[in-house]
Amino acid sequence: ELIYCPDESGPNKYKVVGSIKGAAGAITSSITFQIEDAFDLMERLDCPFTLFVNMVKSGRKDVFTNADRRFIFVNSSVTNEGLTGLASRTPDDETRSDGTVDFSAEELLRTLDQTVTRQSISETQNIVGITFCNEAQCRTDEDIAREVCEVGFASTVAGTATTANVLATKNGATWTATAADPFATDEDCGGIVCFELGRDETRVIVARGETDALNPAEIAYSDDSGATWTNVDVGSTNGQFNEFNLALFALDRNNIWYGTDDGYIYKSEDAGLTWAAQESGAITTDGITCIRFFDENVGWACAEGNIIMRTVDGGTSWSAVTGPTAQAGVDAHVIHPLDRNRAWVGYEDGDLYYTLDAGVDGWNARSFSGSGVGVVQDIKFVNEQHGYLLRDNASPVGNILETVDGGFTWQGLTTPTNSGVTQLWTCDDWNLYISGLANGGTGFIAKGTV
28 ELIYCPDESG
38 PNKYKVVGSI
48 KGAAGAITSS
58 ITFQIEDAFD
68 LMERLDCPFT
78 LFVNMVKSGR
88 KDVFTNADRR
98 FIFVNSSVTN
108 EGLTGLASRT
118 PDDETRSDGT
128 VDFSAEELLR
138 TLDQTVTRQS
148 ISETQNIVGI
158 TFCNEAQCRT
168 DEDIAREVCE
178 VGFASTVAGT
188 ATTANVLATK
198 NGATWTATAA
208 DPFATDEDCG
218 GIVCFELGRD
228 ETRVIVARGE
238 TDALNPAEIA
248 YSDDSGATWT
258 NVDVGSTNGQ
268 FNEFNLALFA
278 LDRNNIWYGT
288 DDGYIYKSED
298 AGLTWAAQES
308 GAITTDGITC
318 IRFFDENVGW
328 ACAEGNIIMR
338 TVDGGTSWSA
348 VTGPTAQAGV
358 DAHVIHPLDR
368 NRAWVGYEDG
378 DLYYTLDAGV
388 DGWNARSFSG
398 SGVGVVQDIK
408 FVNEQHGYLL
418 RDNASPVGNI
428 LETVDGGFTW
438 QGLTTPTNSG
448 VTQLWTCDDW
458 NLYISGLANG
468 GTGFIAKGTV
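Printed below as a string of structure tokens:
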């Protein structure tokens, strides 16, 4: 909508001084089908539905994964029905009888085949974790244009005086060592997260990834892209540390969680300056392997030995959730919530499960090509339909799989040669990043795009 102001050059004249973007309308489309002697599915759509439209250039159309491009209409509802050509046909009127259904959707997802390519970096150490901080923004008078996932960081294991502990990127393509290291040169980094402090300020937090018998768990944060770091103790129990990189999670600056090697979960509500224990090893004394939150209240955590936990009050209290019976004693490696009740969990033995009711009535196994072998390293969903799964198989060589139907089917993407993968970061429906172990003399970072 255009914004007008009076034009000084004369009366009854106006000039455009800007514009505002109004509320978006619903996504609309329609489907035409032939009237047969039985009801068509489109005639019986009363409840909201998700519609997949697959565009196929070659091969069979009835193979769901054989699609070159997809349009996914999420939470659609029929808004209008039409009927044409209902009169009986005659030799000079060959028009068939058709029905038309108009519908509107809350969201339209567009997916294409992903190409995953390795990025060139000089770092020689294993890349433990990867994170990005920014969303896409259009150019304004105050800000420059920016693609999603341009500002990011990666953490590494301990190196030498000539290698880095943290890498940074400002364009999503070139990775350089930060000017300073967050910990001692010989100390491993663990999980890494970042978030915006203000319009022009980003904070990155990295956890120490190995024990120090004389000191408690520790994080370091930087507000200047790693030029300087400030170290902060997490709790007061000596020897604790962030054993698993996915056990550090930031929803935003006021909601950050840190899991330790002995079952503790800490939270910071002030961008990492102070930490308070929420779970003190009462549910498990094994290592917290992953923490993920759906919102500021509902979150999940998993740990070694098939331990799964859930909170509905921001972590003030955590409750044990019974994991899949078949996975007794197997380490739950990663968990990812879709909403308050639905979640996916991946295991150390390569198995994958989901729940629709917060685990109340159990878990459902979901197989995929290669399941039951290796380790499910990470799971990330961009939305409830489109997600990715990162796994190490028995070689070990890491690969990535994609789902566009909420995890019902998983299709492998061609993944660059690697020696193992560690973490997945999804930017949007078309961009993702993977970190991994050193291969060919340098650390591994790969980017997936269309």
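Residue numbering for the sequence shown follows my numbering, beginning at 28 and increasing consecutively. Heads up, the beta-carbon is just placed ideally off N, CA and C, and yes, glycines get one too. Fair warning: this is a prediction, and the values are worked out from it, not measured in the lab.
Under the Cβ criterion (8 Å, minimum of three pairs), the region 385–397 counts as touching the region 342–358. When rounded, the separation of the alpha-carbon atoms in Ala234 and Gly467 is 27 Å. In the DSSP assignment, Trp327 falls within the unbroken beta strand (DSSP E) covering 326–330.
The beta carbon of Asn93 sits closer than 7 Å to those of Val83, Gly86, Arg87, all from its chain and outside the five residues before and after it, given in chain order. The beta carbons of Tyr285 and Ile246 sit closer together than 8 Å. For Phe471 and Ile171, the gap between their C-alpha atoms comes out near 30 Å. Take Ala163, set aside five residues on each side of it, and the residues of its chain with a beta-carbon closer than 7 Å to its own are Arg173, Glu174, Val175, in chain order. The beta-bridge partner set that DSSP reports for Gln438 consists of Glu429. Straight-line spacing of the CA atoms in Ala207 and Gln152 works out to 16 Å.
In the DSSP assignment, Pro33 falls within the unbroken beta strand (DSSP E) covering 29–33.
Counting only residues of its own chain and dropping the five nearest sequence neighbours on each side, Gly356 has a CB closer than 8 Å to the CB of Gly332, Asn333.
In its chain, beyond the 5 residues on either side, Thr158, Phe159, Cys160, Val178, Gly179, Phe180, Thr229, Arg230, Val231, Ile232, Ala277 have a beta carbon closer than 8 Å to the beta carbon of Cys221. Cβ-Cβ separation between Gly109 and Arg123: approximately 14 Å, too far for a contact (criterion under 8 Å). Linking Ser295 to Gly225 through their CA atoms gives a straight-line distance of about 18 Å.
Annotated three-state conformation of Gln141 is coil, per DSSP. Straight-line measurement puts the Cα of Glu28 at about 9 Å from the Cα of Gly45. Look at the region 239–298 and you find these whole runs of beta strand (DSSP E), each 3 residues long or longer: 244–249, 257–261, 275–279, 282–286, 291–295.
When DSSP reads this structure, Thr476 sits in a beta bridge with Thr142. Rounded to whole angstroms, the gap between the alpha carbons of Thr203 and Gly253 is 11 Å. A buried status is given to Ile427, since no fewer than 16 other beta-carbon atoms sit within 10 Å of its beta-carbon. In this structure Ala473 touches Arg145 by the C-beta definition: roughly 5 Å separates them, less than 8 Å. Annotated as distal: His360 and Arg319, with beta-carbon spacing of 8 Å or more.
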